[in-house]
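Note that the protein sequences, when read in sequence, are chains A and B.
Sequence positions in the first sequence follow the working numbering and run 152 to 526.
Sequence positions in the second sequence follow the working numbering and run 11 to 368.
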Amino acid sequence: MYRETDIVQDTSIEGDLIINVGPQHPSTHGVLHLVITLNGETIKKIEPHLGYIHRSIEKMCESLSYRQFIYVTSKMDYLSSHINNHGCALCIENGLQIEVPPRAQAIRVLMDELTRMASHQLWWGANAMDIGALTPFFHAFREREMINDIFEETCGTRLTMNYMVPGGVMADLHPNFQKRVKEFIPHFKSKIVEYDELLTDNIIFQNRTKGIGIISKEDAISYGCTGPVARGSGVYCDVRKLNPYEIYSQLKFDEIIETGGDCFARYMVRMREMKQSLSIIEQLIDVIPEGDFQAKTKAVLKLPKGEFYSQIETARGEFGVYIVSEGGTTPYRIKFRSPGFSNLSALDFMARGSKIGDLIAIMGSLDLVIPDIDR
Amino acid sequence: MPSLENIADIIHTWLNITFNSTTALLIELVIVAVSAIGLFSMLGLILIMMERKVSAYMQVRLGPNRVGPKGMFQTVADTLKLMVKEGMTPNGADKFLFNLAPFIVMIVAMVILAPLAFAKNFQLWDLNIGILFVASVSSVSVIGILMAGWASNNKYSLLGAMRSGAQIVSYELSAGLSIITIVILTGSLKISTIIQSQSDGWWIFKGHIPALIAFVIFIIAVTAETNRAPFDLAEAESELTAGFHTEYSGMKFALFFLAEYVNIFIVCVLGATLFLGGWMPLHFGTDTRFNELMDYIPSSLWLFGKTFFLIFIIMWFRWTFPRLRIDQLLNLEWKYLLPISMFNLLLTTLMAIMGWHF
């Protein structure tokens, strides 16, 4: 809801310029509202104002059954709805001690990695657009479209899939799935070279991102950064490695670490992660085990009394699901730990003293998805 | 095929026979004004369409393809939309300056058309300080932009205008110095003389490396001067929403938009005139058959061909490069382009004195 009083106009100190970036702004990618105090072009302070699209998802979940509430989480981080669903399903499976069949585990990992790639592709285009290059966005969407088509065939939707359910996945893979993914792998391998030629090696892009928005390892940890933002500062925080779920412990992949701590390091983490995801998919696509795609579960799930937590690595960082159960059919209390919120909290620290253009580059490198921050 | 020169001559003679000389002059002025406005709007239509198609080609998509054959009338439809839109003036804006600014920017773009030679002997006003006139009038447009940014009563506009002021004033130096390079080689500020001096070869071929350096610097500087990406900091869509024209809508916005494209056209005509021989056809040494073949192509086509080639390059920049930051932009000018231009100027002077060029 928009109120006139939200827009801050007063200047506290003489000579400071206060600018409202958002709620509607081309590069906040959503309704994020930043109140920036400027001295000329130099940023003195950033204050994020949240709450424009707060839907109280956590409260809503309390009135939904354990099968139902998963679907709401698709609308949080809409770019990684598979992974959000997966995180919630993991938490319920932990509580009920459900054994997920190997086929479902493989499918889940495949879908997660495809989601990660699609999300990083969108980020790559949007980040380039923030920095002023408009063409990469369309190139990124060309590849993302192929992944969305793959999702559409198997899951029926392209964005909010609702495919992961407690005990496995909702339906079996489409017969075309393996063929489509095998077509996508060589296509993307040739295109990621193009990505590097177009943007990574560009001198202007490197000047705009190297040494900008530096956050040290210690600060990244104390701000609670996770995912590529923390890994760009040299923090080992990949949940897939630290606390492996599903079949990640059997797969060969590297945790990408860069030590620069600047926008370019975060950029490189994501670019290299896309290649890692591709290699995971390559390892798995030919050896999807046969069997059930869903474990046999009761129609009405009831978690035993207690507290349950599970964590999962989304494209943006660690996504945590914390459920308090009183033994009923609905959760007593639920809390999501979303990666975007913690990453956004470091924005002020990163951007102080830099220019407006840098702020946009830093925001691009944080890969913010606003519905994830504002649940 | 009659050349533009012949048509102009025929009209001039006919008017002078039919009317007395004062009336004939007045009618000629009206014709000139109408054709200038006609060229202006045609350029708007063609260049915007070209930009959209070029960008679509680079971005693996089709571009406009619904209105008219191959979407050719899309720009016309857009113009109609802009005409019927309400021209809003924000609260607290300086109304007079706010409404004046787009006209200043457009009038400047129109006035610069005067000394440009569009074909052989086809020129509105061949004044003896032609290049100086273009350089000086074009710097007035920054006043329009500053005025727009200041009068809008919007912080984004103000920041955009501030950036634009710093940028245009800086890059004018490099553009001016690279123009002077050719003036030194030619020995004249008159545009017809500059073109005539290239009858045995374009300056980019004749002027050795200094002319080549000057050409590259000229292209970079004029891209910055026309506020095009990668130097579009004054508009910087992702940072300042639309920079100095954030608050403009309807036809007032359209005038800014049109002026931008006409400015691109003008600087590209200038580039073609200075470095690529204006309307001079391409000639190779003593290969007379090739040279005669080239002469058959009308001179206006030569100029427009070269101009659109340069425009394509500038569009190519826009759809490939990310945007620079304001301090990097000014560093590029003051730390690199300006010293190189200065050195290049000395080199050219030496070359001109010693007569080393062809």
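Just so it is clear, CB atoms sit at the ideal spot from N, CA and C, and this is done for glycine as well.
Please look up how many angstroms separate the CB atoms of residue i and residue j, rounded, as I've assumed it's under 8 Å.
| i | j | result |
| --- | --- | --- |
| proline 373 of chain B | alanine 416 of chain A | Absent from the model: residue 373 of chain B. The displayed extent of chain B is 11 to 368, so no value can be given. |
| proline 379 of chain A | valine 420 of chain A | 4 Å |
| isoleucine 191 of chain B | proline 220 of chain B | Note that residue 191 of chain B is threonine in the sequence shown, not isoleucine. Correct: roughly 6 Å between the Cβ atoms. |
| isoleucine 114 of chain B | glycine 159 of chain B | About 13 Å; that fails the 8 Å criterion. |
| isoleucine 119 of chain A | tyrosine 387 of chain A | Since the displayed chain A opens at 152 and closes at 526, residue 119 of chain A lies outside it and no answer follows. |
| glycine 411 of chain A | glycine 383 of chain A | 7 Å |
| serine 351 of chain B | serine 188 of chain B | 6 Å |
| glutamate 235 of chain B | alanine 185 of chain B | 6 Å |
| isoleucine 249 of chain A | proline 317 of chain A | 7 Å |
| alanine 119 of chain B | valine 232 of chain B | Not a contact, Cβ separation roughly 13 Å. |
| arginine 238 of chain B | isoleucine 324 of chain B | 6 Å |
| tryptophan 213 of chain B | leucine 284 of chain B | 7 Å |
| leucine 510 of chain A | alanine 497 of chain A | Contact flag wrong, Cβ pair sits at about 13 Å. |
Return the residue from the list the options that minimises the CA-CA distance to residue i.
| i | options | result |
| --- | --- | --- |
| leucine 25 of chain B | B:Thr256, B:Glu38 and B:Asn16 | B:Glu38 |
| alanine 252 of chain B | B:Trp213, B:Leu334 and B:Leu168 | B:Leu168 |
| serine 248 of chain B | B:Ser351, B:Tyr166 and B:Ser184 | B:Tyr166 |
| aspartate 115 of chain A | A:Met211, A:Leu519 and A:Ile187 | Any question about residue 115 of chain A goes unanswered here, given that chain A covers just 152 to 526. |
| leucine 265 of chain A | A:Lys333, A:Glu244, A:Ile243 and A:Asn245 | A:Lys333 |
| leucine 247 of chain A | A:Glu458, A:Asp437 and A:Ala512 | A:Glu458 |
| asparagine 138 of chain B | B:Ile201, B:Val179 and B:Ala129 | B:Ile201 |
| isoleucine 223 of chain B | B:Val147, B:Gln84, B:Phe318 and B:Leu347 | B:Leu347 |
| methionine 60 of chain B | B:Ala161, B:Ala46, B:Leu320 and B:Ile122 | B:Leu320 |
| arginine 359 of chain A | A:Ser516, A:Ile524, A:Asp523 and A:Ser216 | A:Ser516 |
| threonine 351 of chain A | A:Leu241, A:Asp523 and A:Cys414 | A:Cys414 |
| alanine 269 of chain A | A:Ile439, A:Ser428 and A:Ala512 | A:Ser428 |
| proline 291 of chain B | B:Phe300, B:Asp305 and B:Ile194 | B:Asp305 |
| asparagine 353 of chain A | A:Arg254, A:Ile282, A:Ile197 and A:Asn236 | A:Ile282 |
Cα separation between residue i and residue j?
| i | j | result |
| --- | --- | --- |
| alanine 282 of chain B | arginine 267 of chain A | 49 Å |
| methionine 19 of chain B | valine 70 of chain B | The sequence given here has aspartate at residue 19 of chain B, not methionine. Rounded to the nearest angstrom, the two C-alpha atoms are 47 Å apart. |
| methionine 514 of chain A | phenylalanine 492 of chain A | 13 Å |
| phenylalanine 500 of chain A | histidine 271 of chain A | 24 Å |
| alanine 66 of chain B | phenylalanine 289 of chain A | 10 Å |
| methionine 152 of chain A | methionine 262 of chain A | Below a pLDDT of 50, predicted positions are generally treated as unreliable, and methionine 152 of chain A, at 45, falls in that range; the measurement from the model is reported next regardless. Distance between the alpha carbons of methionine 152 of chain A and methionine 262 of chain A: 35 Å. |
| glutamate 155 of chain A | leucine 273 of chain A | With a pLDDT of 49 at glutamate 155 of chain A, under the threshold of 50, the modelled position of that residue is not reliable, and no figure is offered here. |
| isoleucine 21 of chain B | leucine 134 of chain B | 14 Å |
| alanine 269 of chain B | arginine 526 of chain A | 45 Å |
| methionine 312 of chain A | aspartate 323 of chain A | 14 Å |
| leucine 310 of chain A | histidine 325 of chain A | 17 Å |
| isoleucine 204 of chain B | phenylalanine 132 of chain B | 14 Å |
| phenylalanine 215 of chain B | aspartate 300 of chain A | 53 Å |
| methionine 425 of chain A | lysine 361 of chain A | 21 Å |
| methionine 455 of chain A | threonine 480 of chain A | Position check: residue 455 of chain A holds proline in this sequence, whereas methionine was assumed. Each residue's Cα considered, the two are about 10 Å apart. |
| isoleucine 169 of chain A | leucine 185 of chain A | 10 Å |
| methionine 98 of chain B | tyrosine 258 of chain B | 7 Å |
| valine 152 of chain B | leucine 334 of chain B | 20 Å |
| valine 182 of chain A | leucine 230 of chain A | 16 Å |
| glycine 471 of chain A | histidine 255 of chain B | 44 Å |
| alanine 450 of chain A | leucine 92 of chain B | 59 Å |
| glutamine 98 of chain A | methionine 297 of chain A | This structure gives no information on residue 98 of chain A, because the portion of chain A shown stretches from 152 to 526. |
| lysine 447 of chain A | arginine 484 of chain A | 26 Å |
| asparagine 163 of chain B | leucine 280 of chain B | 35 Å |
| asparagine 109 of chain B | methionine 172 of chain B | 19 Å |
| threonine 68 of chain B | aspartate 242 of chain B | Reading the sequence as shown, one finds methionine at residue 68 of chain B and not threonine. Taking the straight line joining both Cα atoms gives about 19 Å. |
So what does residue i bridge to, in DSSP terms?
| i | result |
| --- | --- |
| tyrosine 473 of chain A | A:Tyr460 and A:Lys486 |
| alanine 129 of chain B | B:Phe132 |
| lysine 506 of chain A | A:Thr193 |
| asparagine 171 of chain A | A:Val186 |
| histidine 200 of chain A | A:His184 |
| methionine 315 of chain A | A:Val320 |
| glutamine 445 of chain A | A:Gly319 |
So, is the C-beta of residue i closer than 8 Å to a C-beta in chain C?
| i | result |
| --- | --- |
| histidine 200 of chain A | Note that chain C does not occur in the displayed structure, where the protein chains are A and B. |
- Taking a cut of 7 Å between CB atoms, which residues from the region 165-190 of chain A lie near chain B? Leu168, Ile170, His176, Pro177 and Ser178
- Item | Interfacial residues, the region 297-314 of chain A to chain B, with Cβ spacing under 7 Å | none
- Task: Output, in sequence order along the chain, the residues in the region 329-358 of chain B whose CB is closer than 9 Å to any CB in chain A.
- Result: Trp329, Thr330, Phe331, Pro332, Arg333, Leu334, Arg335, Ile336, Asp337 and Gln338
- Item | the region 67-81 of chain B: positions lying closer than 8 Å to chain A by Cβ | Met68, Gln69, Val70 and Arg71
- Quick one, which residues of the region 364-375 of chain A are near chain B if we go by CB-CB under 8 Å, in chain order? none
- Please name the residues in the region 225-250 of chain B whose beta-carbon is closer than 9 Å to at least one beta-carbon of chain A, in chain order. Ala239, Pro240, Asp242, Leu243, Ala246, Glu247, Ser248, Glu249 and Leu250
- Item | Within 9 Å of chain A by C-beta, residues of the region 161-174 of chain B in sequence order | Lys165, Tyr166, Leu168, Leu169, Met172 and Arg173
- Query: Which residues, in chain order, does the region 479-492 of chain A contribute to contact with chain B at a C-beta distance below 7 Å?
  - Reply: none
- the region 280-292 of chain A: which residues have C-beta closer than 7 Å to a C-beta of chain B, in chain order? Met280, Asp281, Ile282, Gly283, Ala284, Leu285, Thr286, Phe289 and His290
- Message: Taking beta-carbon pairs under 8 Å, can you tell me which members of the region 401-412 of chain A lie near chain B?
- Response: none
- According to a CB-to-CB cut-off of less than 9 Å, which residues of the region 506-517 of chain A neighbour chain B? Lys506, Ile507, Gly508, Asp509, Leu510, Ile511, Ala512 and Gly515
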